[in-house]
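A short write-up of the structure that comes next.
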Amino acid sequence: MKFMAEGYNNQNEQKNDFLGDFLANQSNKKYLDGYSKDTSLSIKHAKDAGFDSNGELVVKTAAIDLENGKIFFNPDFFARYGKDVLKQQFALKHECWHFKKLKQLLDSKNGKQIWQNNRDNIKNNKKLHLLDNCFEDIQINRGVISDTPTLQNTKDKLYKEDLFQDVDFTKIPKHLQFAQGLLVEKNSNYETICKVDKDVRKELDKIKSLKTKSGFEMMDFITNENTSMGNRVLFREKYLDSVYQNLYKQDIENKKKEKDSNSQDSSSGQGNDSEPSDGQNNQESENQDQNNKEHQKNKKTQDNKNQNSTNPDYDANIEREIEQEFQKYYDEYFDKNPRSVEIESEEKAVEEYFDKLDKQDSNEARLKAYAQAEGISYEDLKEYRDYFNNQVENLENKETGEKSIEELRQIFEEIFTSREKPKMQPRSPRKYGDELILPAEAYAQKLGGEEEPSVFEKVEFKNKKEKIYGDFDVTLVLDRSGSMDTPSIKKTEQKKSAILIIEALKELYDKLDEGRDYIENDLNVRTEVWSFGDERQNELLKPLDGDLTEKQRTHIYKKLNDVSGNSTEDYKILEKIESLITDEELEKLEKNLMKKIIIVTTDGQSDGKDKLLPNVLQKLRAKNIVVIGIGITKDGKKAEKSYAPNGIYCKNATDLPNVFGEILKKELDDLIIR
């Protein structure tokens, strides 16, 4: 599993597992399920990401695994809120909304490029990162409250008690007054008004006055929880960044003036040290001294200006010095508002996510080309494959605990192995044999006095029994009457069972085809699928032949979604099958060269129960054809009697795939040559 973990330095030790309690609480299930559905991200405890060699949690704060759709949180990240569970819950949902907006952006058109551009702008620029975070948090907080309105008071309390206890921002630089004032005031819906410099107030009021074409407040629209992250970033770049940068420049100039003023004050004490001449009175001496001091001060100031004007590095150096002073403000802000996942870790998660998508895109292109070549829609083919992978492939035999498909594969292997060509079976070394294989050992043993050294090989052939069946036909006759949809579990399990059988037989097809050069006793497998209901559902879904293409399998899958028949005319399909049996097939059946089985599923009484069904069953069985009827749920119990002696009652619809698997295993067993 790939994830990114960050450390979080916090002096307060988390005594209780807030997150574990939150995830385990059934009252939060609706929120967790809804979040997962909206984002394709599931919220996990850090314990699920594992521990390091010291037994410590690998995830120290939070980690996002976009590739596999998981977010991990360490409850210690929320320890700064003490035991206030509501504040912790707000903080958790706040972080979840950050990830939600990120995922929405990445999944949108040009989303990756927008994210990359914004990431590049803020990654090494704490100043801009702070503005972006303040602006984003307005939207994120609105998202939390839209999900959980009861946390409104908690949000207000958290901002007043933990994040912004003092809203007099006049002691900090103007650009920071603007960013934090924007957050605090809009976050409170302007109920809290911050104390800021008049230049900052002017800009905040301008932003507040912006209107959409419809006359709505622009800030209200752009910070709505449903507004895309891309549009929010574009708004910031268009309306906020330039204001922020201009205020920053004012801060730089003000700091420069402050430094120049301090420099002048420090130099004002350096006067003219010459003594007054004879004849000057005290007043003249004092006046002259003051004039000298003013002259020296002005001269030094002018000298500094002249020096700075001829030194191109001066402004750059002084700005860097001032920027370093501003860093402490940025650090203080992020200490109170830490990122749960650092930018570098987010980058890695995003790259891995898009690597996966790129592979999927490549696979998608190949699948589309394949679907077109097969004459099937890409959507239908993908739906079928997803269905098999998610619903059928992992079906388990409830008695053995093994996967049903794996048990069938084991039988396929036995069938194949039992039909291989005979192999030479060496028996060596021997005292007597057909070929000397160890001449050096023979010489050595002779010198050692061994009269009959064991140095020969005897080659033997292991003969196998003659084949019994060379042909194997499997016919499925499936119920598409309307009652299969009441309840729908019957339709669902019948579909799983049918797909299990045809996919298993497709694997047997492929195995036999690939190894046919090594088989002495060949085996030809054919499949056929019919459905019944009324006249609309009485149809051939797949003809009897040795093909089982993905197009055919997908067609069967889609047909089994329709169970709208008003009758149960299973007997009509059986009559049709009986009429299509050829003389060649009859001869093979009589000589036990062919095994032919028909599996019928039904959940109701056959319309031909009195004579028609018994008659056709008798005809088929007289031809040495095995006909098995499976009655599904209590409504299908009568099939146990109707199809006797091969009637099976499947009381629970969920057991149907297991019943199908057991039938196929039993019939396949006869194909193994022992």
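For the sequence shown, full-length UniProt numbering gives the first residue as 1, with consecutive numbering after it. Each residue gets a CB set at the ideal place from its N, CA and C atoms; glycine is no exception.
| message | Check whether the region 133–144 and the region 225–233 touch, using three or more Cβ-Cβ pairs below 8 Å as the test. | response | yes
| query | Three-state secondary structure (DSSP) at Ile-632? | reply | strand
| request: Can you have a look at Pro-75 and say buried or exposed, based on whether 16 or more other CB atoms are within 10 angstroms of its CB? | output: buried
| Just curious, the alpha helix (DSSP H) that Asn-153 is in, first and last residue? | 152–158
| message | Here's the rule I'm using: 16 or more other beta-carbon atoms within 10 Å means buried, otherwise exposed. How should Ile-343 be labelled? | response | exposed
| task | Please name the residue in Ile-628, Glu-585, Thr-633, Lys-637 whose C-alpha comes closest to that of Glu-667. | result | Ile-628
| task | Could you tell me which uninterrupted beta strand (DSSP E) segments, each at least 3 residues in length, are contained entirely in the region 642–668, listed from first to last along the chain? | result | 647–650
| query | Just the Cα atoms here: how many angstroms apart are Ile-663 and Gly-604? | reply | 21 Å
| said: Rounded to the nearest angstrom, what separates residue 711 and Ile-376 at their Cα positions? | reply: An answer regarding residue 711 cannot be provided, because it is not within the stretch 1 to 674 covered by the chain.
| task | Would you tell me roughly how many angstroms separate the C-alpha atoms of Glu-535 and Glu-550, rounded to the nearest one? | result | 26 Å
| said: Taking the straight line between their C-alpha atoms, what separation do you get for His-45 and Ser-497? | reply: 37 Å
| query | Do Leu-523 and Leu-512 have their CB atoms nearer than 9 Å? | reply | yes
| Tyr-35, buried or exposed, once every other Cβ within 10 Å from all chains shown has been counted against 16 | buried
| request: In angstroms with no decimal places, state the Cα-to-Cα distance between Lys-47 and Ala-62. | output: 11 Å
| Given 8 Å, three or more beta-carbon pairs between the region 105–124 and the region 313–329 | no
| message | Measuring alpha carbon to alpha carbon, tell me which residue in Lys-490, Asp-331, Ala-504 is nearest Ile-405. | response | Ala-504
| What is the DSSP secondary structure of Val-196, reduced to helix, strand or coil? | coil
| Does the beta-carbon distance from Gln-180 to Tyr-333 come in below 9 Å? | yes
| task | Can you tell me which of the three DSSP states Asp-670 falls into? | result | coil
| query | How big is the Cα-Cα spacing for Ile-672 and Ile-581? | reply | 25 Å
| request: Within the same chain, show all residues whose beta-carbon is closer than 8 Å to that of Ile-415, passing over the 5 residues directly before and after it, in chain order. | output: Leu-508, Leu-523, Leu-668, Leu-671, Ile-672
| Span separating the alpha-carbon of Lys-462 from that of Glu-420 | Reliability fails at Lys-462, whose pLDDT of 47 lies under 50, so the model's placement of it is uncertain and no value is given.
| query | So, are the CB atoms of Thr-475 and Ile-632 less than 9 Å apart? | reply | no
| query | Would you call the region 143–157 and the region 78–98 in contact, with 3 or more CB pairs under 8 Å? | reply | yes
| If you scan the region 23–87 from start to end, which runs of the alpha helix (DSSP H) of 4 or more residues do you find wholly inside it? | 29–39
| Residues bridged to Arg-526 by DSSP? | Asp-473
| Beta carbon of Gln-195 nearer than 9 Å to that of Thr-170 | In the sequence as presented, Gln is not what sits at residue 195; that position holds Lys. Yes, these two residues count as a Cβ contact at 9 Å.
| message | Does the contact criterion of 3 or more C-beta pairs under 8 Å hold for the region 589–598 versus the region 553–565? | response | no
| query | Quick one: does the C-beta of Leu-512 sit closer than 8 Å to a heavy atom of the ligand SAM? | reply | Looking at this structure, you won't find the ligand SAM or any other ligand, since it has none at all.
| query | Does DSSP classify residue 675 as helix, strand or coil? | reply | Nothing can be reported for residue 675: it is not among the residues displayed for the chain, which extend from 1 to 674.
| Taking just the CA atoms, how far does Val-85 sit from Phe-18? | 7 Å
| said: Among Asp-607, Ser-642, Asp-635, Ala-371, whose alpha-carbon lies nearest the alpha-carbon of Leu-617? | reply: Ser-642
| field | Closest by C-alpha distance to Val-341, when choosing among Asn-187, Ala-622, Leu-66, Thr-654 | value | Leu-66
| Three-state secondary structure assigned by DSSP to Leu-367 | helix
| query | How many angstroms separate the CA atom of Phe-77 from the CA atom of Leu-130? | reply | 20 Å
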